[in-house]
């Protein structure tokens, strides 16, 4: 287990320009040369970091998160990909990793970086595919988001803060505005708002449950059945879920679930938002439960099937079906992102937004040993077993 | 054949109050007592019109149109239904008919109606399900839209003006604004815009082709194959279609259609709008051809299957899938509707917007004879044969 609280290492101010001046620093990285089967194509690689350029900072990665989308990146079917690096070895390589937390180890004094950071600050990634599955990197300061030091986040919290909680926040804000701080918030003085979601046990789903609870929004949460279903239901209820149903319970006609859900929502409530990361049969049933003018927001397609919806929902019930991808949103909303990240960090620091259950995998030893460990990790993820995995490079 | 041009009958001003004062007027109507099979449940019925109330006008229907949605109304599966009338016979009956053209025969002088109408004016229906498949009716003046007398519309043009051309207009205006008179029109000084649609031979489809041509928007039109396909293609080209493809040609991999379509659009063009009234396999292919931020607008579901779309289109390509139903739109846009109808009537009068091919069915004789004729008409429609049918009650 690995649950080190944030503590600032004793860097002296004179360290600021350290990295650029001292001897060569080596980074260890999980890479691939060609897209393919995630259990096979990942390799470990060492490369020497260049001298820092102006505007760059030297990072030590504390934790690199593995998200479901990373599997698609390795397979080559994800629209955003890590840069192909010609400069780090004899063959072109891509360094994996989209999400993580890092500590700033140094930078050249250039007037710009000092304004935003000091050595020892913790940062999360502000641009996609920067390569978080490595031990060190030189990155432009503008691609990083500082974590407010007063929020006292654990490393595991920080490592899982930049992708999934923002995805939940935007989906609850941008289609049917439910955040009470939003002037357009629909629940202000009106009906209590409800949200229905599938994949409710995902990292995004858990963030949805908690933000909805904070914002006074009711949630109906659908999950896969499993041997430990009672435990999972209690866990989601403890996060603030109003109702948790397995897909079988939801789809069963005997249980009269549609009637029950309508009773839960009641006449004083309405449900206009459904969040979908699966895409199977129950997605259409979720959409059918939405009130007039409802929004179905898709952010994943775990069922790997087309999203099949009756035309009448669109024509007569004014359903809108859209998608959400954080990478698209951040490109056009740099400032809102900073404000949102600050709020998310605060909620997390106050214990109101818990990180998903995580497991830290330590990477150490020879390149062959690291590659073998990564292959095992990928196999476990493909089988859908276990908690969210965070990678940590052991000091050598 | 029946193609009488509009000509104003010689009503004297003194006729204004005629209808309310003279003896009883009888209306003949196509009705149903219970929803069911359209070839079976329609009956003919005669009822005596009440004395005109304040604000009502007496109408003589010239033509009542039969639209595909009317079949669903009779079956009882359409969300808007004609009123159940307890006042016109021994059993409750509903008078069919949503679209048509009528002449004003009279009204009580009450200060309101005179402001909008005079006897002899032609009107189309401004509210749904008013019962256009009858010979006469008393209706509130506020539910009628006057046709501008200077547009010189034929009766067939007027009878087909209120539903399908407005549907085409709104779909080309409200999702990706293409009307050059709209300040938000996307083609202003930017790329040439393209639209792709299925069911392109429908009344809506033909209006889309013609409005797009007027507005400088390119169209790619998909139709069912048929023995007379060459004739149909020439007809749609004569209306302004840029490209017409059968579904087989569109879906065929051998023809390399995707590449061809991309060449047609070219680098100076973009396609962000797809219009769907079918819902089959080719709908997903249409959506895949849309540029980033594309809109798929569904206004029908002829294939009677779910609309199946890959989640990735929503997530990564920012596809939005919505529906359009004129009845929803008109409720919230009464003034825009008047302006649009005026423009549509002008375009039609100028020969720039041709009505679909129509056939007038004369209704006459006993109630049994009328019911039998309607049963035959419904059978032909179910088999998908023939032109758009307009009903006309012969004077007795």
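Residue numbers (our numbering), protein chains in the order written: chain W, 755 to 1150; chain B, 755 to 1150. Beta carbons: idealized from backbone N, C-alpha and C, even for Gly. Every value quoted in this text rests on a predicted model; they were computed, and no experiment measured them.
Checklist entry - Listed from N- to C-terminal order along the chain, which residues in the region 1063-1081 of chain B have their beta-carbon within a distance smaller than 9 Å of any beta-carbon of chain W? => result 1063, 1064, 1065, 1066, 1067, 1068, 1069, 1070, 1071, 1072, 1073, 1074, 1075, 1076, 1077, 1078, 1079 and 1081
Checklist entry - How should residue 1012 of chain B be labelled, buried or exposed, when 16 other C-beta atoms within 10 angstroms of its C-beta is the threshold for buried? => result exposed
Item to check | Host alpha helix (DSSP H) of residue 1041 of chain W (start-end) | outcome: 1035-1042
Checklist entry - Which residues mark the beginning and the end of the beta strand (DSSP E) in which residue 1116 of chain B is found? => result 1112-1117
Next on the checklist: Distance cutoff 8 Å, beta carbons only. Does residue 1140 of chain W sit that close to anything in chain B?
Outcome noted: no
Checklist entry - Within 8 Å (strictly less), CB to CB, does residue 1048 of chain W reach chain D? => result Absence of chain D from the displayed structure is noted, the protein chains being W and B.
Item to check | Assigned secondary structure, residue 1149 of chain W (DSSP; H/G/I helix, E/B strand, else coil) | outcome: If DSSP states are grouped into helix, strand and coil, residue 1149 of chain W belongs with coil.
Next on the checklist: Please state the DSSP three-state secondary structure of residue 1025 of chain B.
Outcome noted: strand
Checklist entry - Are the region 1050-1064 of chain W and the region 981-997 of chain W touching by the rule of at least three beta carbon pairs closer than 8 Å? => result no
Next on the checklist: Considering just the uninterrupted stretch of the alpha helix (DSSP H) at residue 946 of chain W, what are its terminal residues?
Outcome noted: Residue 946 of chain W -> not in any alpha helix (DSSP H); beta strand (DSSP E) instead, spanning 946-951.
Checklist entry - At a CB-CB cut-off below 8 Å, which residues of chain W make contact with residue 1053 of chain B? => result 1069
Checklist entry - Pick from B:1149, B:1135 and B:1150: whose alpha carbon is nearest that of residue 820 of chain B? => result B:1135
Next on the checklist: Going by the DSSP bridge assignment, what does residue 879 of chain W pair with across the sheet?
Outcome noted: Residue 879 of chain W is bridged by DSSP to W:898.
Next on the checklist: Any contact between the region 1042-1051 of chain W and the region 1065-1075 of chain W? By contact I mean 3 or more CB pairs, one from each, below 8 Å.
Outcome noted: yes
Checklist entry - Going by other Cβ atoms of all chains shown within 10 Å of its Cβ, with 16 needed for buried, is residue 1118 of chain W buried or exposed? => result exposed
Checklist entry - Between which two residues does the alpha helix (DSSP H) carrying residue 826 of chain W extend? => result 822-829
Checklist entry - Would you call residue 927 of chain B buried or exposed, if buried means 16 or more other Cβ atoms sit within 10 Å of its Cβ? => result buried
Next on the checklist: Please report the straight-line C-alpha distance between residue 1115 of chain W and residue 942 of chain W, rounded to a whole angstrom.
Outcome noted: Put simply, the backbone Cα of residue 1115 of chain W is about 45 Å away from that of residue 942 of chain W.
Checklist entry - Does the count of Cβ pairs from the region 867-879 of chain B and the region 900-912 of chain B closer than 8 Å reach three? => result yes
Next on the checklist: On the CB-based measure, 16 or more other CB atoms within 10 Å of its CB, does residue 1086 of chain W come out buried or exposed?
Outcome noted: exposed
Checklist entry - Relative to the alpha-carbon of residue 1092 of chain B, which residue among B:835, B:915 and B:1032 has its alpha-carbon at the smallest distance? => result B:915
Checklist entry - Using DSSP with H/G/I as helix, E/B as strand and the rest coil, what is residue 782 of chain B? => result strand
Item to check | Contacts of residue 833 of chain B in chain W (Cβ-Cβ under 7 Å) | outcome: 1070
Next on the checklist: Pull the bridge partners of residue 856 of chain B from the DSSP assignment, please.
Outcome noted: B:815 and B:877
Checklist entry - With respect to the alpha helix (DSSP H) encompassing residue 1014 of chain B, which residues constitute its N-terminal and C-terminal limits? => result 1011-1019
Checklist entry - Three-state secondary structure (DSSP) at residue 972 of chain B? => result strand
Item to check | Residues near residue 934 of chain B by beta carbon distance below 6 Å, same chain, minus five either side | outcome: Exclusion of the five residues before and after residue 934 of chain B leaves 969 as the residues of its chain whose Cβ lies within less than 6 Å of its Cβ.
Next on the checklist: Does chain B have any CB closer than 8 Å to the CB of residue 1061 of chain W?
Outcome noted: yes
Checklist entry - Cβ atoms of residue 918 of chain W and residue 812 of chain W: under 8 Å apart, would you say? => result no
Checklist entry - Does residue 961 of chain W have its Cβ less than 8 Å from a Cβ in chain B? => result no
Next on the checklist: Against chain B, with Cβ distances strictly below 8 Å, would residue 1038 of chain W count as a contact?
Outcome noted: Residue contact check for residue 1038 of chain W against chain B: a CB pair falls below 8 Å.
Next on the checklist: Between the alpha carbons of residue 1000 of chain B and residue 1107 of chain B, how many angstroms are there, rounded?
Outcome noted: Roughly 24 Å separates the two Cα atoms.
Checklist entry - Hey, is the region 880-887 of chain B in contact with the region 837-857 of chain B, meaning 3+ C-beta pairs nearer than 8 Å? => result Judged by Cβ distances under 8 Å, the region 880-887 of chain B makes contact with the region 837-857 of chain B, as three or more pairs qualify.
Checklist entry - Looking at the structure shown, is residue 998 of chain B part of a helix, part of a strand, or coil, going by DSSP? => result strand
Checklist entry - Between residue 775 of chain W and chain B, is there a C-beta pair that is closer than 8 Å? => result Model confidence at residue 775 of chain W stands at a pLDDT of 45, short of 50, so the residue's coordinates are unreliable and nothing is read from them.
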